[in-house]
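Take the sequence shown: its position 128, counting from 1, is numbered 186 in our numbering, and each next residue is one higher.
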Amino acid sequence: MKRIAVLTSGGDAPGMNAAIRAVVRASSYYNIEVYGVERGYAGLIEDDMHMMSRRNVSDTIQRGGTILRTARCPEFNTYEGRKKAAESLADRNIDGLVVIGGDGSFRGALDFYKDFGVKTIGIPGTIDNDLGYTDRTIGFDTAVNTALNAINNLRDTMSSHDRVVIVQVMGRHSGEIALHAGIAGGAEVILVPEKPVDFDEVAAILNRGKAVGKTSGIVVLAEGACPLDDVMTELKARTGLSFRSTVLGYIQRGGSPTMADRVLASKLGIRAVELLKANKGGYVVGSKGDDVVEVEIEKALAIPPYFNEKLYEQAKMLSL
Ligand code: ADP
Ligand code: F6P
């Protein structure tokens with residue numbers, strides 16, 4: 059393997075730049091040329107790529123977002139689109155591709171590998187932490203800490219005004235951000251897509267708190283659990299409490315990556331290059347504890363996202 063390309067795809071995540079940096083620096087270490095593709099699969103189809111050197115990734119490990127930008131590219135879902143992308147790589151004698159993204163990007167990488175034999179390696183870059191084959195995805199730790207900082211600020215003002223805040227966090231169909239930010243933030247209630255929302259139970263928790271003198275509270279709502287307006291309406295109807303709401307939205311997608319995300323991204327970027335150096339393709343890399351693992355893409359995508367039932371129940375215990 060003498061020449062590879064790297065791209066970022068799908069929703070961006072803090073730490074993607076650290077992964078790009080690791081891919082570029084490890085490639086340089088192993089005397090492999092590396093091209094950076096702009097705007098994910100769209101740039102691949104449009105042949106929008108440029109060679110990258112160690113210097114191109116200087117002063118990037120601490121930056122959120124992705125210096126290669128990202129895109130959602132429906133055309134890559136088509137064989138014709140992937141064919142154009144394969145031609146872009148073939149014209150440059152590139153036969154390895156690192157895809158930094160989420161499950162959708164990995165489905166694209168798998169199709170690309172199967173259709174055209176391009177050796178692809180996926181690095182899990184998404185704040186959702188919704189890939190069952192790996193303990194953590196790059197961006198998750200930073201997003202949870204961003205949400206936690208917001209919850210800390212909300213706790214101050216809610217306690218000043220005897221109010222309960224419903225704070226909605228991202229995660230698409232996953233409750234991972236909500237669960238971890240909720241526990242760390244001392245939330246009274248955490249609502250996740252993995253569990254049915256029982257408004258009577260939630261109201262009972264808040265009313266029980268009021269009975270023992272709790273005059274304010276935090277409800278953390280994962281965006282995929284239930285519409286925010288429904289939560290507000292149902293809880294107002296069941297309690298005499300004063301509510302406000304905040305949607306954290308895209309602030310969870312930016313910011314300087316935490317140590318954990320920078321280290322994870324660096325380890326996974328190196329392993330991705332080492333797999334391509336060994337002429338292995340059709341894999342994704344991930345973490346299991348402190349170890350780096352590699353799993354065939356098809357097998358990885360078949361593993362359902364992990365939901366920590368025990369931690370969810372413990373969160374309830376702590377909120378009483
Ligand atoms: P994420 O990677 O964060 O899950 P998306 O689901 O938007 O983000 O996927 C990112 C890109 O991956 C899509 O815009 C598309 O170009 C490509 N993609 C997603 N699913 C597939 C698929 N089943 N086949 C081919 N390409 C896909
Ligand atoms: O997948 C990451 C994510 O931030 C989800 O948590 C969120 O629901 C989605 O992307 C938002 O997608 P977009 O950036 O296309 O609006």
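Yeah, the Cβ is synthetic: ideal placement off N, Cα and C, and Gly gets one too.
Between which residues of its own chain and residue i is the CB-CB distance below 8 Å, once the five residues before and five after are set aside?
| i | result |
| --- | --- |
| residue 347 | 193 |
| residue 49 | No answer is possible for residue 49: the residues shown for the chain start at 59 and end at 378. |
| residue 216 | 222, 223, 274, 275, 276 and 302 |
| residue 345 | 192, 193, 194, 322, 325, 326 and 351 |
For residue i, name the three-state secondary structure that DSSP assigns.
| i | result |
| --- | --- |
| residue 250 | coil |
| residue 98 | helix |
| residue 310 | helix |
| residue 60 | coil |
| residue 137 | helix |
| residue 66 | strand |
| residue 191 | coil |
| residue 272 | coil |
| residue 159 | strand |
| residue 245 | coil |
| residue 126 | coil |
| residue 291 | helix |
| residue 258 | helix |
Measure the alpha-carbon distance for residue i versus residue j and round it to whole angstroms.
| i | j | result |
| --- | --- | --- |
| residue 251 | residue 148 | 43 Å |
| residue 270 | residue 243 | 20 Å |
| residue 300 | residue 264 | 11 Å |
| residue 285 | residue 279 | 9 Å |
| residue 157 | residue 100 | 13 Å |
| residue 324 | residue 78 | 9 Å |
| residue 219 | residue 352 | 50 Å |
| residue 164 | residue 181 | 9 Å |
| residue 304 | residue 282 | 15 Å |
| residue 89 | residue 176 | 20 Å |
| residue 125 | residue 266 | 49 Å |
| residue 238 | residue 210 | 14 Å |
| residue 320 | residue 255 | 35 Å |
| residue 60 | residue 153 | 8 Å |
| residue 98 | residue 136 | 15 Å |
| residue 245 | residue 212 | 11 Å |
| residue 332 | residue 84 | 8 Å |
| residue 365 | residue 151 | 42 Å |
Could you name the residues that DSSP lists as bridge partners for residue i?
| i | result |
| --- | --- |
| residue 177 | 154 |
| residue 226 | 279 and 305 |
| residue 341 | 179 and 354 |
| residue 300 | 221 |
| residue 92 | 62 and 110 |
| residue 196 | 183 |
| residue 368 | Paired residues: none, contrary to the question. |
| residue 349 | 346 |
Which same chain residues, not among the five before or five after residue i, have their C-beta less than 6 Å away from its C-beta?
| i | result |
| --- | --- |
| residue 358 | 191 and 342 |
| residue 339 | 171, 177 and 178 |
| residue 362 | 190 |
Who are the Cβ neighbours of residue i in its own chain at under 7 Å, not counting the five residues just before and after it?
| i | result |
| --- | --- |
| residue 240 | 248, 278 and 373 |
| residue 316 | 199, 200 and 203 |
| residue 261 | 293, 296 and 297 |
(message) Check whether the segment 158 to 174 and the segment 62 to 80 are in contact - that is, three or more C-beta pairs closer than 8 Å.
(response) In short, these stretches touch, since the Cβ pair count reaches three.
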